[in-house]
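Here the structure is laid out as structure tokens; the discussion comes afterwards.
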Amino acid sequence: MKVTILTLFPEMFTGPFSCSIIKRAVDKGLVELETVNLRDFAKDRHRTVDDTPYGGGPGMVLKPEPVFDAVAAITGKKGQKSYTVLTTPQGEVFRQQIAAELACKEELLFICGHYEGYDERIRTLADRELSIGDYVLTGGELPAMVMIDAVVRLLPGVLGAPDAASNDSFSAGLLDYPQYTKPAVYKGMAVPDVLLSGHHQQIAAWRRREALLRTAERRPELLAQVALSREDRAFLAGKIPGLFGPEDAQESRKSSEGSAESEKGRIFESKEGSE
Ligand code: 9D3
């Protein structure tokens, strides 16, 4: 995969891209990363890339000409058009599914703004407009780094041989289960007995339940996208009355009336499990 980043701050990318897993992926030739300085495409001797907004108002707006010319130069150099992502707070919120889609592209181009906004005509260059969440950053560079990191780790060979347990469909969409390593007791805190038991089936069942419980407690909205078995549902309904709607709260209400659990989020729609 080839990833090009159009930015006014190419230096911001040097640190993150020369460390750890991304660096290894580049060294292995699995991905090629290139930054292009938008300022090199400014038209005047002051190298201006932004201007005041028509109609007035605060802030500066990224001019169209440098961005269009830079994109044309990047495309011309490669002959083939890259799948183009515009980083913007108005974009669709980036998530794992989008990372997986981007990981299928041969060539990606990220256009990063670093001003209050873009001239609206720049949007026509984008195949997709993406944000990384509802908080205000100073530019699109950190979002581009976040997205590139999420995409590159999905490329074949980047993480080494992925073991079936860590990314199979069984755990997909759930938060991770709790993990422990030695010592078995630390500052009075003991590792759960089941993990020391050697009963692999019981361990797998415990991990599944812990992942389900954590997800239901912390991110109940994620559960709607997870395939739950009858056993999963029975376990969760027993732990969190009303999770699957008001119906299931009836019989378990007596047992946990007034508990904090009963106040947790509700899942009204959920994928039917295949098992
Ligand atoms: C939403 C704030 N805007 C109101 C006038 C101004 C503005 C502030 C900061 C416009 C752009 C920016 C810079 N941010 C990005 O370019 C950006 C971003 C972000 O701030 N949060 C999450 N994802 C992204 S992707 C690009």
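Each position in the sequence shown, counted from 1, maps to that position plus 27 in our numbering.
Heads up, the beta-carbon is just placed ideally off N, CA and C, and yes, glycines get one too.
Collapsing the DSSP output to three states places K29 in a strand. Nearest Cα to G184 within the set E133, A52, E38, F40: A52. Boundaries of the beta strand (DSSP E) around S158: 155-158.
Excluding five sequence positions before and after R234, the CB atoms of its chain that fall closer than 6 Å to its own CB belong to Y204, given in chain order. DSSP links C139 through a beta bridge to T114. Taking 8 Å as the upper bound for CB-CB distance, T41 and I101 are not in contact here, some 19 Å apart. Contact annotation: D154 and K90 have beta-carbon atoms that are not nearer than 8 Å.
In this structure, the CA atom of Q228 is about 11 Å from the CA atom of L222.
Cβ-Cβ distances below 8 Å link A211 to A217, V218, L223 in the same chain, with the five nearest sequence neighbours on each side left out; the list follows chain order. A distance criterion of 7 Å places the beta-carbon of T208 beyond contact range of the ligand 9D3, judged by its closest non-hydrogen atom. The C-alpha of I159 is placed about 11 Å away from the C-alpha of A177. Taking the CA atoms as reference points, M39 sits about 19 Å from K29.
In its chain, beyond the 5 residues on either side, L152 have a beta carbon closer than 6 Å to the beta carbon of V98. For the pair T165 and R72, the Cα-to-Cα distance works out to about 26 Å. L239 is the residue among R245, L239, I267, I230 whose C-alpha sits nearest the C-alpha of A254. Assignment of M172 by DSSP, reduced to helix, strand and coil, places it in the helix class.
Per DSSP, the unbroken alpha helix (DSSP H) holding T102 starts and ends at 91-105. Taking the Cα positions, A126 is about 20 Å away from A251.
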